[in-house]
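S.K.: Protein chains in written order, with the working numbering: chain F, 23 to 459; chain Y, 23 to 459. Idealized CB from N, CA, C, for every residue including glycine. Predicted model, so just to flag it, every value in this text is computed and none were measured.
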C-alpha cells in the first residue's frame, strides 16, 4: 500500500511505504539523507544502516524507488515528518547523471534559455518548474469553471482551415490531399458562427502563427482561450464579462496557489472587482501630463504607455488590470464594430492591460451582414473566399449583437507569475529556432 | 431586463421581455404563433394584434427579435408558459430564407451528409443538432472532473513536431521556417515524458491524421483525450482507472442528459461498475462456439468479433463496455509492454470495446530504457531521430511503470448517442473531401 508524500505525517509511529524518484541525496555527519519525490511533493528519508547506505552509493538522481520506513515527526522535514530505519528497493535503475541539476531553481536567464529547453524533459522535474505548470493547469480549470457557470458552451473548431482565418499573412500552409490548407491562427470566425447556435461559446485550443521574430514574446504555437457571446446591449457588457472572468481566475489563483506564487517571486496581486476603463485619448493625455512626453498625436498606444497606465491605475485605482477603450479607427479590424457615437472615429474595441502589457483584446463585433461585407472590402478581404463565405452565412441568417475576447494562456501565465519570457510558461515551446523537444 | 426562455413560467401574470431568434412561425385559426429560440430553449408567443401580425409577414427564420408580452400558463407550450399580447421589435433583420429547415430533425442519412455539412453554419441551430454538442461539451467536462479528482495534471503539448510522433506514415507535413515539421498524430511521446514530472497527466486537444480513406470512421482532425499515469503495479490497475473514468462519464451523461439522449434515440445504457475482461484468445473461443465461425487461428480481433463480444457481454455480464486483453504480439507497438508472464507471446495491451467498436486502447508501457530501444529497433524506428532522442531521455533518467489510454472524443460521442457517422459528432468535420466550412 503506497503512502503519498504529504500523507506520511498522518502515520507517525507506523511503518509506511512511499514510491517516487530519488530527488536529492546528501551526507550529513555520518548519516545519509535522501529526498524522494512523488506527485504530491517530497519525503525526507534518513538512512543509517550500512547495507542501505551502500545501495545509495552511485545511485543517480531520478532512480525510481520504493522506500519503507517508520514515520517520525520532524518539523524541519518537508511535510513535518520523515522516514527512519528505511529499506530501499530500486524499481527502475538509472545509470546516467542528469544533464541538469533539478534540486535547486533553474536559471531562466535569457542567455540560458537554450539550456533550459534542451534539457526540458528532465528539467521539468524541478519543483519550481512544476509549480509554473500546476498554476497553469489551475488557471485553465478556473477559466472553464467561470465560463460553465455563465452558460458558455465548450466547442472544438477545426485547426485545418481552407483559407487564412483573418486574412493575415503569418500562416503555416500545408498540402491537404492536393488542396492548400492553412493552420488556424485563431477560432475567430468559427466562434462567431457558433454564437448563432449557443449564444455563448468558448474554446481552449492551440493556434499557430508563423512568427518570424525571435523575441521574448513570440512563439509559433500558442494555447488560446477564446470566448464569444451574444445579446449584449453594449460594449460595456462585453468588458464586464471579461473583467469578471479575469477577476475570478486571478483571485482564485492567488487564493489557492498563494504559496507557490510567492515561492516563484510572483508580484502581489493588486486588483479591484471593477477594472478602471480609460479611453486611448485619455491615456495619451494622462501619459503626456505624467511624463512630459507628448503622445497626444499618436493613434495607437505605445508600449511605454501600456506600462505606464498599468502603474498609474495600480496607484490611482488600486488595480493593476485596466481597460484601454475606444481605439482609433486606424487600428480597426474588419470584424470589429466602429463606434456609432462618433461616426466611426473610434472602434468599440478595448485592450485589457495587465502588469504592463496587453493580455487580451475585447471588441464588439460588427453584426450587420451588409456593413460587415463593406468593412471586409475596405480592408481588401474577399467576402467570397471559401472561409469567409460560410462566415457570412451566419450573419445573413441572423446573429445578435455580440462580442468576446481572445486570451493567450501562455501570456496570461507568464504575466501572473512574473516570468521574463513567454516560453517559460510553455512546456515545450516552439519558435523560429526551436521545434524540439 | 431580459428573461430567458425557461424563466418565463416563473413570471405568470407579469410582463416579460425575451430575446432570441425567430425559430418557427405558424398560423392557427386566425392566430399567429411564433417560437423564439434563446440559449436555454424556446418560448411560444401568441400574436393577435393586427399591427404585430403585419410585422411578421415575410419575416424570415433567424431574425433576431426582442419580444415583450404577458406570461400566461400554457401546459402545451415549451416550458409550460407562453407570451400573450406580444410586442415585437426586430433587433437584426434577416432577408434570406434559410438554406435548410431547422425546426424539425435534420436528415443524417449518409447520402445527405454533404447537405448537412454544406449548411452546417445554419443547420446547427436546429435543436436536435444542438443536443449532440451539448452532450459533447458535458462529456468533456465530466472527463476533466474525474481526472482532476484523481490528481491528473492538465498539460498542453506541441502539435508542431519535428518528426512523426509514432513513426506512422499518415502524417501532414509542412514547411517550418525551412525545416520539415509534421502535425502531431498523438501526444503519446509527450505524455509519457510528463509522467516523469507529474506522475499523472491528461490532455484534450486536436490531433491530425492524413487519412486517405473516405468512410464513416475516418476524419483527418480528431479531438483526443489522452491520459497517462505512473506507479502502477500491473496492467489491471491501468484498466481499473480507464474503466472508472468511463463509468463515471457515461453514468453522469445518462443521469444529467437523459432526456436529450432519449430524444436523439440513444440506446439505453447497460453498464456495470466493473467492466468484464476477456483475453483475445477467450474471445476467439467464445465467438467460435457462439457463431460456428472458427476464428481461433486469427491473431487480432475481427470487426465482427468486436461487435459480437459487446453483445455477448451485454447479455452475459449486463455490461456493454468490455475489455479485450492480452493482444497477440503481432499487434505490438514499440512503446507497449510485452507480457512477461508468457515470454512476450502477448502484449499488456487492451482494447476497450463499447457498442460494437473499439473506443480506446489502454496498454502498459515498456519503461526500461534499454528494452525500449530494442523494441524500437525491432520495429525499424530510429532511436536517434529528433523526436525520439528526447523521448528516450525521460526513460534514461527514470520513468516508473506506467500506462494510459487515448480516447477519441468524437468517436465516444458518436457511440454514446448512437450516431451513424463520426462526422455527425464534430461541429465542422474534416476529411479527404472536406476542408470547409
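Reducing DSSP to helix, strand and coil, say where residue 37/F ends up.
M.R.: strand
S.K.: Please identify, using Cβ separations under 7 Å, the residues of the stretch 157–177 of chain F that lie next to chain Y, in order along the chain.
M.R.: Across the stretch 157–177 of chain F, CB contacts with chain Y closer than 7 Å involve 159, 162, 163, 170, 173, 175, 176 and 177, in sequence order along the chain.
S.K.: Along the stretch 207–220 of chain Y, what residues have a CB closer than 8 Å to any CB found in chain F?
M.R.: 212, 215, 216, 218, 219 and 220
S.K.: Beta-carbon separation of residue 251/F and residue 277/F under 8 Å?
M.R.: no
S.K.: What residue does the alpha helix (DSSP H) around residue 145/F start on, and which one ends it?
M.R.: Per DSSP, residue 145/F belongs to the alpha helix (DSSP H) from 142–145.
S.K.: Tell me where the alpha helix (DSSP H) around residue 216/F begins and ends.
M.R.: 210–220
S.K.: Below 8 Å on the Cβ atoms is my contact criterion, and I expect residue 143/F with residue 459/F to pass it. Report the Cβ-Cβ distance as a whole number of Å.
M.R.: 6 Å
S.K.: Within 8 Å of any Cβ in chain Y, is that where the Cβ of residue 41/F sits?
M.R.: yes
S.K.: Against chain C, does residue 358/Y count as a neighbour if the rule is that its beta carbon must be under 8 Å from one of theirs?
M.R.: In the displayed structure, chain C is absent; the protein chains listed are F and Y.
S.K.: Along the beta strand (DSSP E) that carries residue 203/Y, what are the first and last residues, could you check?
M.R.: Here the beta strand (DSSP E) through residue 203/Y covers 201–205.
S.K.: Does residue 418/Y pass the burial test, meaning 16 or more other C-beta atoms within 10 Å, or should it be called exposed?
M.R.: Residue 418/Y is buried by the Cβ-count criterion.
S.K.: When the Cα of residue 265/F is compared with those of 249/F, 253/F and 279/F, which residue comes out closest?
M.R.: 249/F
S.K.: Check this for me: beta carbons of residue 124/F and residue 439/F, under 8 Å apart or not?
M.R.: no
S.K.: May I ask you to list the residues that DSSP assigns as paired with residue 290/Y?
M.R.: According to DSSP, which records beta bridges pairwise, residue 290/Y is partnered with nothing at all.
S.K.: Confirm, please, whether the CB-CB distance from residue 343/Y to residue 268/Y is below 8 Å.
M.R.: Yes.
S.K.: Helix, strand or coil for residue 30/F? Go by DSSP, reduced to three states.
M.R.: helix
S.K.: Is residue 84/F closer than 8 Å to residue 43/F when the C-beta atoms are compared?
M.R.: yes
S.K.: Residue 304/Y lies in the alpha helix (DSSP H); which residues open and close that run?
M.R.: 302–313
S.K.: Beta-carbon separation of residue 52/F and residue 93/F under 8 Å?
M.R.: no
S.K.: How many whole angstroms separate the CB atoms of residue 135/Y and residue 145/Y, which I take to be in contact at a CB cut-off of 8 Å?
M.R.: That belief does not hold up - the Cβ atoms of residue 135/Y and residue 145/Y are roughly 11 Å apart, past 8 Å.
S.K.: How is residue 24/Y classed by DSSP in three states: helix, strand or coil?
M.R.: strand
S.K.: Figure out for me which residue from 397/Y, 70/Y and 212/Y has the closest Cα to the Cα of residue 357/Y.
M.R.: The shortest Cα separation from residue 357/Y among 397/Y, 70/Y and 212/Y belongs to 397/Y.
S.K.: In whole angstroms, what separates the C-alpha of residue 380/F from that of residue 114/F?
M.R.: 47 Å
S.K.: In the DSSP assignment, find the alpha helix (DSSP H) that holds residue 163/F and state where it starts and stops.
M.R.: 149–171
S.K.: Starting from residue 427/Y and walking both ways along the beta strand (DSSP E), at which residues does that stretch end?
M.R.: 424–430
S.K.: Spell out whether any CB of chain Y is found under 8 Å from the CB atom of residue 22/F.
M.R.: Since the first residue of chain F shown is 23 and the last is 459, residue 22/F is not available in this structure.
S.K.: Report all residues from its chain with a CB closer than 6 Å to the CB of residue 429/F; omit the five preceding and five following residues, and keep chain order.
M.R.: 247 and 382
S.K.: Any residues in the stretch 433–458 of chain Y with a beta carbon nearer than 7 Å to a beta carbon of chain F? Which ones, in chain order?
M.R.: 449, 450, 452, 454, 457 and 458
S.K.: First and last residue of the alpha helix (DSSP H) that includes residue 109/Y?
M.R.: Here residue 109/Y belongs to no alpha helix (DSSP H); instead the beta strand (DSSP E) covers 103–114.
S.K.: Taking 8 Å as the threshold (beta carbon to beta carbon), is residue 262/F in contact with chain Y?
M.R.: So no, residue 262/F is outside the interface.
S.K.: Check each candidate in 320/F, 101/F and 336/F and name the one with the smallest Cα separation from residue 291/F.
M.R.: 336/F
S.K.: Excluding the five sequence neighbours on either side, which residues of its own chain have a C-beta within less than 7 Å of the C-beta of residue 305/F, listed in chain order?
M.R.: If we look at residue 305/F and ignore the five residues flanking it on each side, its Cβ neighbours are 323, 327, 331 and 346.
S.K.: Are the beta-carbon atoms belonging to residue 110/Y and residue 87/Y less than 8 Å from one another?
M.R.: yes
S.K.: Given that a residue counts as buried once 16 or more other Cβ atoms are within 10 Å of its Cβ, and exposed if not, what is residue 424/F?
M.R.: buried
S.K.: Give the straight-line distance between the Cα atoms of residue 333/F and residue 340/F, rounded to the nearest whole angstrom.
M.R.: 10 Å
S.K.: When you compare the stretch 172–180 of chain Y with the stretch 192–203 of chain Y, are there three or more beta-carbon pairs, one atom per stretch, that lie closer than 8 Å?
M.R.: no
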